[in-house]
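Comments concern the structure below.
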Amino acid sequence: MHIPDGFLSGTIAATTWAGGAASLAWSLRAERSLPDRTPAGTLGALAAFTFAAQLVNMPILPGTSGHLVGGMLAAAIVGPSRGLLVMAVVLAVQALLFQDGGVTAYGANLLSMGAFGALGGYAVAALVARLWPGIRGLVAGPVIGAFVATLAGAAFVALVLAASGLYPIAVVLPLMLSLHVPIALIEAGLTGAILATLARWRPDLLHRRERAGGRGSAAWGLFVLALAVAAFAAPFASSLPDGLETAARRLGFAAAARPLWPAPAPDYEPRWLAASRVGTALAGLVGTLAAAALAWALTRRLGRARAVEPHR
Amino acid sequence: MRPGAVLAVGLGLTALAATAPAGLGGEPVPGWSWLAWLLALAAGVHGFRSGGGTLAQVARRVAWLLPFVLMLALPAALLAAAGHRASAAVALVTRSLAATTSAAGTAFRLGPLGLLRGVRAFGVPERLALVLEAALVGLRSMLERARAMLRARSARRGKDGAWGLLLREPGATLRGFGRFGAALLLRTLERAEAQERARVARGADLA
């Protein structure tokens with residue numbers, strides 16, 4: 074999934090560099106506010122481990138092999154902000170010393186493998202750990218997180234390649250997603266295998282993460298999961314009418330339905346990208362983002378109103 | 002030349018080469034794009050030569066990327082406007098390899114220590130620079146340890162090699178990888194903690 078130099082347009086390279094730098098700045102700030110201090114030597118050693126683990130290729134079929142990416146694993150061991158730092162260093166070493174991933178594509182690679190792996194994957198893992206308490210949840214969470222994060226990262230790569238003018242999004246997105254389903258399964262399996270062994274040998278390393286996961290992480294996890302469902306599951310939803318539509322057709326008033334105003338994406342299909350799964354996925358993503366923004370704004374407003382309410 | 006200046010020039014040339022127009026929209030590739038790619042290639046080769054490297058090393062460093070570059074470039078060229086497909090394919094491959102050569106030559110010339118100095122000269126946060134330094138210091142020993150563990154695993158398992166096919170025996174292969182990864186990780190963390198304790202015992206501050 075490493076994008077080499079020469080495949081991103083100047084605008085996309087600059088935008089993704091800015092996004093990567095912002096996520097890195099956030100992780101450095103978040104790390105400073107943590108109560109415990111992990112020495113730079115330990116994070117550097119973890120980066121070297123992740124690099125070495127990426128070189129261990131696992132044969133899948135004759136002539137085909139896969140390897141760990143490690144963003145989710147790093148976050149499961151040292152937390153999301155430090156996990157992102159570790160991935161930033163791994164990707165920098167790969168780009169500069171081994172030509173694996175481009176210098177101009179560093180921002181995009183950091184977002185697709187670092188931010189989606191360490192932050193997005195961790196958010197999903199934190200949500201699963203809350204729903205499924207105990208050591209099993211601490212292993213199952215990163216497994217699901219690694220799967221979701223790999224697919225989300227692949228979708229992001231497809232998006233930046235399409236935005237750079239290389240391929241149409243309707244071609245590259247389904248191709249990248251279908252190619253990355255087995256890769257995501259391998260990433261989930263390898264992450265789970267290491268964490269399950271750590272849970273037997275050194276469970277304290279995983280418990281540390283349990284204390285770090287808070288309500289904020291769970292909310293972010295729910296949000297990332299909702300985005301993943303909207304992007305990857307919604308396009309494959311059944312096209313058959315639901316109960317109300319069936320009843321309306323049988324009773325003969327389905328044709329009387331009229332929209333109050335022209336919707337930008339009727340039946341979850343944007344007008345400029347109608348009758349395609351990509352259009353449904355985009356409509357789902359935009360709808361999920363809009364619903365989340367509305368919920369966030371309402372929560373803030375209600376929270377403020379409750380804060381100024383006098384004691385009775 | 003100072004490491005910061007070398008890194009700035011090298012990365013600047015890489016960025017210029019990587020983003021020069023390659024005629025994907027059906028327009029001809031501008032002359033300055035070819036000039037930028039030629040300059041990046043020349044600078045990359047010069048970086049290797051001035052760092053004591055050979056042309057064969059340059060070729061090895063960049064050639065392994067060729068299949069991946071072709072895999073990305075050829076479909077993009079096929080989707081380009083008719084009549085421009087061949088030129089778009091050549092331009093995309095040249096653009097990617099020229100930018101990669103420039104970046105590789107810069108890194109080769111500077112070496113790990115020079116890269117660190119260059120990164121620090123760029124004003125990268127010190128915490129990030131320290132983690133990068135620790136990663137570079139531990140990289141070689143980590144790779145040697147991982148290779149030794151793989152050799153030992155391969156010797157124990159006989160004709161199957163280090164790993165079985167994941168699809169044929171998924172449970173055993175994943176369990177094996179779990180033990181391998183966890184053992185390597187624990188040794189890494191314990192060694193890093195021991196080094197940190199020794200550093201602090203010698204009077205250094207917590208990094």
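Note that the protein sequences, when read in sequence, are chains A and B. Our numbering puts the first residue of the first sequence at 74, with every later residue one more than the last. Our numbering puts the first residue of the second sequence at 2, with every later residue one more than the last. Glycine included, each C-beta is placed from N, C-alpha and C at the ideal position.
Chain A within 8 Å of residue i, Cβ atoms only
| i | result |
| --- | --- |
| Ser34 of chain B | no |
| Gly159 of chain B | no |
| Ser97 of chain B | yes |
| Pro126 of chain B | yes |
| Leu42 of chain B | no |
| Arg192 of chain B | yes |
| Gly48 of chain B | no |
| Thr55 of chain B | no |
Residue-chain proximity (residue i, chain B), Cβ-Cβ < 8 Å
| i | result |
| --- | --- |
| Pro132 of chain A | yes |
| Trp99 of chain A | no |
| Tyr240 of chain A | yes |
| Pro276 of chain A | no |
| Ala125 of chain A | yes |
| Ala181 of chain A | no |
| Leu192 of chain A | no |
| Arg282 of chain A | Bear in mind that the predicted position of Arg282 of chain A carries a pLDDT of just 49, short of 50, making it unreliable; the figure below should be weighed with that in mind. Not an interface residue. |
| Leu232 of chain A | no |
| Thr270 of chain A | yes |
| Leu367 of chain A | no |
| Val254 of chain A | no |
| Ala161 of chain A | yes |
| Leu246 of chain A | no |
| Leu184 of chain A | no |
| Leu250 of chain A | no |
| Leu170 of chain A | yes |
| Leu371 of chain A | no |
CA nearest to the CA of residue i, picked from the options
| i | options | result |
| --- | --- | --- |
| Ser34 of chain B | B:Pro126, B:Ala89, B:Leu137 and B:Gly119 | B:Ala89 |
| Thr111 of chain A | B:Ala205, B:Val125, B:Ala199 and B:Leu190 | B:Leu190 |
| Leu234 of chain A | A:Val245, A:Met186 and A:Ala225 | A:Val245 |
| Leu8 of chain B | B:Phe123, B:Arg198 and B:Val132 | B:Phe123 |
| Asp109 of chain A | A:Met131, A:Ser138 and A:Gly152 | A:Gly152 |
| Leu101 of chain A | A:Met160, A:His140, A:Ala266 and A:Ala121 | A:Met160 |
| Leu248 of chain A | B:Ala60, B:Pro76 and B:Arg62 | B:Pro76 |
| Val94 of chain B | A:Pro77, A:Asp173, A:Ala222 and A:Arg373 | A:Pro77 |
| Leu232 of chain A | A:Ser106, A:Ser154, A:Leu355 and A:Ala199 | A:Leu355 |
| Ala83 of chain B | B:Arg200, B:Glu28, B:Pro113 and B:Gly45 | B:Glu28 |
| Leu252 of chain A | A:Arg203, A:Phe122 and A:Ala225 | A:Ala225 |
| Ile150 of chain A | A:Asp173, A:Phe171 and A:Leu192 | A:Leu192 |
| Leu187 of chain B | A:Ala118, A:Ala364, A:Ala103 and A:Ala328 | A:Ala118 |
| Phe229 of chain A | A:Thr89, A:Gly83 and A:Arg373 | A:Thr89 |
| Leu107 of chain A | A:Thr361, A:Ser154 and A:Gly210 | A:Ser154 |
| Ala74 of chain B | A:Leu116, A:Leu258 and A:Ser237 | A:Ser237 |
| Leu169 of chain A | B:Ala205, B:Met72, B:Leu79 and B:Val63 | B:Val63 |
| Gly83 of chain A | A:Leu128, A:Ala181 and A:Glu104 | A:Ala181 |
| Ile208 of chain A | A:Ala336, A:Leu184 and A:Leu278 | A:Leu278 |
| Val74 of chain A | A:Ala103, A:Ala330 and A:Gly143 | Residue identity check: residue 74 of chain A is Met in the sequence provided, not Val. Checked all of A:Ala103, A:Ala330 and A:Gly143; the closest Cα to Met74 of chain A is A:Gly143. |
| Phe296 of chain A | A:Val129, A:Ala94 and A:Ala196 | A:Ala196 |
Interface residues of chain B facing residue i [CB-CB closer than 7 Å]
| i | result |
| --- | --- |
| Ala165 of chain A | Leu133 |
| Asp78 of chain A | Thr15, Ala19, Ser97, Ala100, Thr101 and Ala104 |
| Phe122 of chain A | Met143, Leu185, Leu186 and Thr189 |
Close-in-space but distant-in-sequence residues of the same chain around residue i (CB under 6 Å, 5 per side omitted)
| i | result |
| --- | --- |
| Leu17 of chain B | Ala37 |
| Ala261 of chain A | Val216, Ala219 and Phe220 |
| Arg284 of chain A | Residue placement at Arg284 of chain A is poorly supported in this model, since its pLDDT is 46, which falls under 50; the coordinates are not used for a value here. |
| Ala188 of chain A | Ser96 |
| Arg15 of chain B | The sequence shown places Thr at residue 15 of chain B, not Arg. Result list for Thr15 of chain B: Ala100, Ser103 and Ala104, in chain order. |
| Ala81 of chain B | Leu25 and Ala89 |
| Leu263 of chain A | Leu141 |
| Gly286 of chain A | Below a pLDDT of 50, predicted positions are generally treated as unreliable, and Gly286 of chain A, at 47, falls in that range; the measurement from the model is reported next regardless. Around Gly286 of chain A: Ala199 and Ala202. |
| Val201 of chain B | none |
Cross-chain neighbours of residue i in chain A, by beta carbon under 8 Å
| i | result |
| --- | --- |
| Thr20 of chain B | Leu81, Ser82, Gly83, Ala86 and Thr177 |
| Glu197 of chain B | Pro112, Gly114 and Thr115 |
Contacts that residue i makes with chain A (C-beta to C-beta distance below 7 Å)
| i | result |
| --- | --- |
| Leu178 of chain B | According to the sequence shown, residue 178 of chain B is Phe rather than Leu. Residues of chain A passing the Cβ test: Met131, Leu263 and Ala266. |
| Met2 of chain B | Simply none; closest approach about 18 Å. |
| Leu12 of chain B | Val176 |
Beta-carbon proximity list for residue i, same chain, < 8 Å, skipping 5 on both sides
| i | result |
| --- | --- |
| Pro132 of chain A | Ser138 |
| Ala41 of chain B | Leu14, Thr15, Leu17, Ala18, Ala99, Ala100, Thr102 and Ser103 |
| Phe124 of chain A | Val163, Val166 and Gln167 |
Within chain B, partners of residue i - CB distance below 8 Å
| i | result |
| --- | --- |
| Leu158 of chain A | Arg128, Leu129 and Val132 |
| Leu279 of chain A | Here the premise fails: no neighbours, minimum Cβ distance about 11 Å. |
Neighbouring residues, chain A, relative to residue i (Cβ below 9 Å)
| i | result |
| --- | --- |
| Glu209 of chain B | A query on residue 209 of chain B cannot be resolved here, the shown segment of chain B reaching from 2 to 208 and no further. |
| Ala122 of chain B | Within 9 Å Cβ-Cβ: nothing; Ala122 of chain B doesn't reach chain A, min ~15 Å. |
Chain A contacts from the stretch 59-86 of chain B (Cβ-Cβ distance under 7 Å): Result list: Arg62, Val63, Leu66, Phe69, Val70, Leu73, Pro76, Ala77 and Leu80.
Contact list for the stretch 199-222 of chain A against chain B, Cβ threshold 9 Å: For the stretch 199-222 of chain A, which is checked against every Cβ of chain B, not one residue is closer than 9 Å.
Cβ-based contacts, 9 Å cut-off: residues of the stretch 101-118 of chain A near chain B: Those residues of the stretch 101-118 of chain A that come within reach of chain B (Cβ to Cβ, closer than 9 Å) are Leu101, Glu104, Arg105, Arg110, Pro112, Ala113, Gly114, Thr115, Leu116, Gly117 and Ala118.
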